[in-house]
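Scroll down for the structure; my scribbles are underneath it.
2 protein chains.
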Amino acid sequence: MLPPPDVEIMTIGDELLYGQVVDTNSAWMGQELGRIGLRVRQISSVSDRADEIVAALDLARTRAQVVLITGGLGPTKDDLTKHVLARYFGTELALHEPSLRDVEQIFARFNRPMLEVNRQQAFLPKTCTALRNPVGTAPGMWFEDQGTVFVSMPGVPFEMKRIMTDSVLPRLQQHFHVPPIEHAVLQTVGQGESFLAAQIADWEDQLPPNMKLAYLPYLGGVRLRLTATDDGQPNLRQRLAAQLPPLRAIIGPYLYAEGEVSLAAAIGRLLQERNLTIGTAESCTGGYIAHKITEVAGSSAYFLGSVVAYHNDVKVRQLGVQPDTLTQHGAVSEETVRQMAEGLRTQLGVDVAVATSGIAGPGGGSEAKPVGTFWIAYADAHQTVARIISFDRGRQLNIEYVTTQALNLVRQNLPALG
Amino acid sequence: MLPPPDVEIMTIGDELLYGQVVDTNSAWMGQELGRIGLRVRQISSVSDRADEIVAALDLARTRAQVVLITGGLGPTKDDLTKHVLARYFGTELALHEPSLRDVEQIFARFNRPMLEVNRQQAFLPKTCTALRNPVGTAPGMWFEDQGTVFVSMPGVPFEMKRIMTDSVLPRLQQHFHVPPIEHAVLQTVGQGESFLAAQIADWEDQLPPNMKLAYLPYLGGVRLRLTATDDGQPNLRQRLAAQLPPLRAIIGPYLYAEGEVSLAAAIGRLLQERNLTIGTAESCTGGYIAHKITEVAGSSAYFLGSVVAYHNDVKVRQLGVQPDTLTQHGAVSEETVRQMAEGLRTQLGVDVAVATSGIAGPGGGSEAKPVGTFWIAYADAHQTVARIISFDRGRQLNIEYVTTQALNLVRQNLPALG
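Taken in sequence, the protein lines are chains E and P. Counting in this note's numbering, the first sequence runs from 1 upward without gaps. Counting in this note's numbering, the second sequence runs from 419 upward without gaps.
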């Protein structure tokens, strides 16, 4: 078997360079390749121009032994990857009957007429191995050329993912000998990168040379990833695991989960363990906390529902906030947000409620309560806890940050329950 | 002045290659550069290894006259861009007093103790021009080296954006002569790329050589972007605009807006023009429709609130769904979703309501109602309209798709109102 290859991901499309589309494919591919121990050496995004695609292919093969290409396989005129690849490998397109049958079946299933442009998608370079695409009309293509593997896939994320999982990853594992690599991910919330790094510095200094800690900040916290690469010694996974207990002790109050778990999913586990239900009463976050909770598969086991109370009448009628409270203290106040959380508990009959009220901006601020002023509250059968947050990085980030803080308030208070 | 440069965006960080972080910076930068008429030639994401950064810098300067670098400027140990750049340009780091004062002020503002690692961030390569970062601790750096401009910025999106807007874009416009470029964006919803392409083909064929149509599909629709590049003739914008009327006629039923406008924002405009209010009653979408509506600044002018009714008791008590209906037809049924929409109108006193109920998966399906079965309803004072949707590409995409369809149902029915 061949030694482990470096991989280059090449994404093709003017829409990436113009910034009309965010490339989420590369991150997913990087994760999946990392899981089987393959290193991504570079990600290159290039235009739809044939000469620039060819220049990028020439460079990629000097850096990597596997080049994974996405994009430029759609049915429309600005997609030309297939033609460029055929020319690059000195071959021509020919009808690939099994791919045509796949395309026909897709149109039959959705009961739509098949167009000539879709039929054209079953024409493939003669020297490639076709990789089935059971969820779309553009098959993947696997080329081997002078020791380098080139794979071309459509840019539509769920089609690319299916071809990667079904075909590309298994084929790469057959083709190459892959050395061990181990990762541990520790998810923290509520502290910034600098603070954590200062706390962790001594521990980090004593790590062996084949282990490396990466700080992956997100809005409201930091994900820590410890990676151990092959050093020729056995038990890599155990040696990685042995480094973790002191780290856990240092970051304890901020550590909400290990592995690829969202904060909402971690809270879901806590709720299920305690047999508790939750609901949200949201003003400024506008349903985003409910969305984060219900994004988690199986959340119907503990999430009952929410009231999004943007207008004050909704706060009064659906959540039982006192009109006097709104008049005296305003909608963005400790008193209101406490009543929202407590009112939701009563109205929906949930064990735990979390509530938000604030000024997400850009309008709506005042001298006393500028944009970026937020109140959040947590309520259960025994206590109601409220917190003020000052944070302004624009409406969308404000909503996201307050949502994370509200979920963290639940995480911090749940353990006292039951 | 110098002729218009090609730009290369270089993002640095193992976290991008491992796929732990999605690169949203490049898309934003591409959009802003496109707006001032600069073309992004390539986006390259490389590792934290010094030799690979240097190799990428060497290549970038052969392709582009401006290299914009993000990442690797944080305070922690895995960030080393600054040191590599100092060596690459044959200089060394020195304390930059104005940057130190900026860093000190940031810590004073947040009332946090400043750490030594943060002080280190004010050490910059001697030959660079420091670009102020008013929202973070890592300044930007502008280098000019043998005719190529290199700019290094932190990878934290809101810091990078601030430095780009305040410093980099104005400096590039001063430095280079930029030819005209014009874009028109037409936003469609409710049809796929192949179908639209077939409808548009004849119109596309008659476009002059300096104009190009790009199809930018998203889940539930396609954004069309027509770009006109400089052909030496005057009135580029007018000539671009003159191409649009026949295109509008072809895609009329699917065209929801022109320019960078979300579907939710377009509906917001329709509601405001008609002086109408809206609310949502959501089961399977779990608050995501409310979130999309409230993501729009100023949405409090027409959005009153929502009930997220995951549990049947919430559907009955908060929305007035008849228990008999749930027993006879189930929660995922035309009858239930109609009552949810109508009930929300009554309960919240909104003019327009939209409701969803379905099986987002992966669990919860049955033979009669498999995962991917969704009902959506629209209700106003005059009518209630319901639609069934069959769609299954996994929980998260299902939620997103149904949300788009529900908003489109509002768009299609609103014009009949008032």
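Backbone N, C-alpha and C define an ideal beta-carbon position, used for all residues, glycine too.
Same chain only: Cβ atoms within 6 Å of residue i, ignoring 5 sequence neighbours per side
i: A548 (chain P); result: H514, S517, L542 and P557
i: I293 (chain E); result: A264, S299 and F303
i: I461 (chain P); result: I427 and S444
i: Q609 (chain P); result: Y672
Length of the line joining the Cα atoms of residue i and residue j
i: L837 (chain P); j: L348 (chain E); result: Outside the displayed span of chain P (419 to 836) sits residue 837 (chain P), for which this structure offers no information.
i: P243 (chain E); j: A249 (chain E); result: Per the sequence shown, the amino acid found at residue 243 (chain E) is Gln instead of Pro. Q243 (chain E) and A249 (chain E): Cα-Cα distance of roughly 11 Å.
i: V307 (chain E); j: I806 (chain P); result: 25 Å
i: S612 (chain P); j: N118 (chain E); result: 8 Å
i: L434 (chain P); j: L38 (chain E); result: 14 Å
i: G697 (chain P); j: E273 (chain E); result: 34 Å
i: L169 (chain E); j: N235 (chain E); result: 24 Å
i: R411 (chain E); j: A381 (chain E); result: 16 Å
i: R550 (chain P); j: D563 (chain P); result: 21 Å
i: D769 (chain P); j: V734 (chain P); result: 21 Å
i: E522 (chain P); j: W560 (chain P); result: 22 Å
i: P414 (chain P); j: P422 (chain P); result: Outside the displayed range of chain P (419 to 836) lies residue 414 (chain P), so it cannot be described from this structure.
i: G364 (chain E); j: T695 (chain P); result: 19 Å
i: W793 (chain P); j: T703 (chain P); result: 11 Å
i: G136 (chain E); j: G812 (chain P); result: 15 Å
i: R201 (chain E); j: P208 (chain E); result: Residue identity differs from the one stated: residue 201 (chain E) is Ala in this sequence, not Arg. Approximately 14 Å between the Cα atoms of the pair.
i: P788 (chain P); j: I777 (chain P); result: 7 Å
i: H185 (chain E); j: L475 (chain P); result: Reading off the sequence, residue 185 (chain E) comes out as Val, not His. Computed Cα separation, rounded: 31 Å.
i: A214 (chain E); j: L224 (chain E); result: 6 Å
i: A55 (chain E); j: R61 (chain E); result: 10 Å
i: G738 (chain P); j: L815 (chain P); result: 29 Å
i: G30 (chain E); j: V22 (chain E); result: 15 Å
Residues near residue i in its chain [Cβ-Cβ closer than 8 Å; skip 5 each side]
i: V714 (chain P); result: S680, A682, A683 and G686
i: T404 (chain E); result: V189, L219, G220, G221 and L263
i: I12 (chain E); result: S45, V46, S47, D48, I53, I69, T70, G71, G72, T81 and G155
i: E753 (chain P); result: T743, Q746 and H747
i: Y706 (chain P); result: E700, I817, E818 and T821
i: E182 (chain E); result: T227, A228, L236, R237 and L240
i: T442 (chain P); result: P575
Partners in chain P for residue i, counting only beta-carbon separations shorter than 7 Å
i: E291 (chain E); result: Reading off the sequence shown, one finds His at residue 291 (chain E), where the question assumed Glu. The contacting residues are G704, G705, Y706 and H709.
i: H311 (chain E); result: L722 and G723
i: R225 (chain E); result: Q438
Cross-chain neighbours of residue i in chain E, by beta carbon under 8 Å
i: Q740 (chain P); result: What Q740 (chain P) touches in chain E: nothing, since even the nearest Cβ is about 18 Å away.
i: F865 (chain P); result: Lying outside 419 to 836, the shown extent of chain P, residue 865 (chain P) is not represented and no answer is given.
i: E713 (chain P); result: G286, R395, Q396 and I399
i: S784 (chain P); result: Per Cβ cutoff of 8 Å: no residues; S784 (chain P) is ~15 Å from chain E at best.
Residues of its chain near residue i, where Cβ-Cβ distance is below 7 Å and the 5 sequence neighbours each way are ignored
i: A50 (chain E); result: L80 and V84
i: A341 (chain E); result: A281, A353, V354, A355, A377, Y378, A379 and T384
i: Q591 (chain P); result: I454
i: K126 (chain E); result: T91, E92 and A94
i: R481 (chain P); result: D424, E426, R459 and Q460
i: V32 (chain E); result: Correcting the residue type first, residue 32 (chain E) is Glu in the shown sequence and not Val. Result list for E32 (chain E): M164 and L169, in chain order.
i: K579 (chain P); result: W446
i: N312 (chain E); result: L326 and A331
i: D649 (chain P); result: N628
i: F507 (chain P); result: P543, T545, F561 and D563
i: G677 (chain P); result: V603
Under 9 Å by beta carbon: chain E residues contacting residue i
i: M428 (chain P); result: Simply none; closest approach about 10 Å.
i: L766 (chain P); result: H311, D313, V314, R317 and Q318
Interface residues of chain P facing residue i [CB-CB closer than 9 Å]
i: S44 (chain E); result: Q460, I461, S462 and S463
i: L59 (chain E); result: L477
Listed by chain order, chain P residues near residue i by CB distance under 8 Å
i: V371 (chain E); result: None at all; the shortest Cβ gap to chain P is about 11 Å.
i: M29 (chain E); result: G437
i: T24 (chain E); result: V440
i: R87 (chain E); result: None at all; the shortest Cβ gap to chain P is about 20 Å.
i: S333 (chain E); result: Neighbours of S333 (chain E) on chain P: none; closest Cβ ~17 Å, over 8 Å.
Contact set between residue i and chain E, taken where Cβ atoms lie within less than 7 Å
i: G776 (chain P); result: Ordered by position in chain E, no residue passes the 7 Å Cβ test against G776 (chain P), which lies about 12 Å from the chain.
Count the CB pairs spanning the stretch 498-505 of chain P and the stretch 562-577 of chain P that are closer than 8 Å, and state whether there are at least three. A contact exists between the stretch 498-505 of chain P and the stretch 562-577 of chain P.
Which parts of the stretch 451-506 of chain P are runs of the beta strand (DSSP E), unbroken and 3 residues or longer, counting only runs that do not cross its ends? Unbroken beta strand (DSSP E) stretches of 3 residues or longer found wholly inside the stretch 451-506 of chain P: 457-464 and 484-488, given in chain order.
Mind listing, in chain order, the continuous beta strand (DSSP E) runs of no fewer than 3 residues lying wholly within the stretch 699-772 of chain P? With a minimum length of 3 residues, the continuous beta strand (DSSP E) runs that stay inside the stretch 699-772 of chain P are 721-727.
Pick out the complete beta strand (DSSP E) segments inside the stretch 82-130 of chain E, 3 residues or longer, and give them in chain order. Correct list: 93-95 and 123-125.
Counting only runs of 3+ residues fully inside the stretch 556-608 of chain P, write out the beta strand (DSSP E) ranges in chain order. If we require 3 residues or more, the beta strand (DSSP E) runs fully inside the stretch 556-608 of chain P come out as 558-563, 566-571 and 599-606.
Please specify which runs of the alpha helix (DSSP H), each continuous and at least 4 residues long, are wholly inside the stretch 200-242 of chain E, giving them in chain order. Those alpha helix (DSSP H) runs which fall completely within the stretch 200-242 of chain E and span 4+ residues are 236-242.
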